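Residue numbers (this note's numbering): 6 to 87.
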């Protein structure tokens with residue numbers, strides 16, 4: 006399923022404002038920085054929608070479940086259990 010999401014104009018403007026802020030604050034590695042800004046809230050929202058089911062979240066994101074778990078740890082969403 007490859008459907009383009011059409012954001013309302015105000016949301017698109019908010020996203021552009023965030024992106025501009027990142028561009029102004031970081032001269033390098035912009036893609037990773039912008040991804041970092043949006044990745045955590047996206048994962049958190051999907052976890053809520055999928056009631057914590059990591060397999061479903063990974064599938065919806067098009068990721069391997071192991072990759073999702075790494076991202077959960079990196080963002081502090083999932084704490085390491087030792």
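Glycine included, each C-beta is placed from N, C-alpha and C at the ideal position.
None of these values were measured; they are calculated from a predicted model.
For residue i and chain D, any beta-carbon pair shorter than 8 Å?
| i | result |
| --- | --- |
| residue 17 | Of the protein chains in the structure, only one exists, and it is not chain D. |
Give the C-beta separation of residue i and residue j to the nearest angstrom, bearing in mind that I take them to be a contact with Cβ-Cβ under 8 Å.
| i | j | result |
| --- | --- | --- |
| residue 80 | residue 48 | 7 Å |
| residue 42 | residue 35 | In fact, because the Cβ distance is near 11 Å, the residues do not count as touching under 8 Å. |
| residue 24 | residue 39 | 6 Å |
Looking at residue j and residue i, is the spacing between their C-beta atoms short of 8 Å?
| i | j | result |
| --- | --- | --- |
| residue 83 | residue 66 | no |
| residue 5 | residue 70 | The shown model of the chain, from 6 to 87, leaves out residue 5, and the question about it has no answer. |
| residue 76 | residue 44 | yes |
Would you give the residue range spanned by the alpha helix (DSSP H) that residue i belongs to?
| i | result |
| --- | --- |
| residue 39 | 35-54 |
| residue 71 | 70-79 |
| residue 82 | Run containing residue 82: none; DSSP gives neither H nor E here. |
| residue 10 | It is not in any alpha helix (DSSP H) - residue 10 carries neither H nor E in the DSSP assignment. |
| residue 21 | 14-30 |
Considering only heavy atoms of the ligand ATP, does any lie closer than 7 Å to the CB of residue i?
| i | result |
| --- | --- |
| residue 11 | Judged by which ligands are present, the structure shown has none, so any question about the ligand ATP falls away. |
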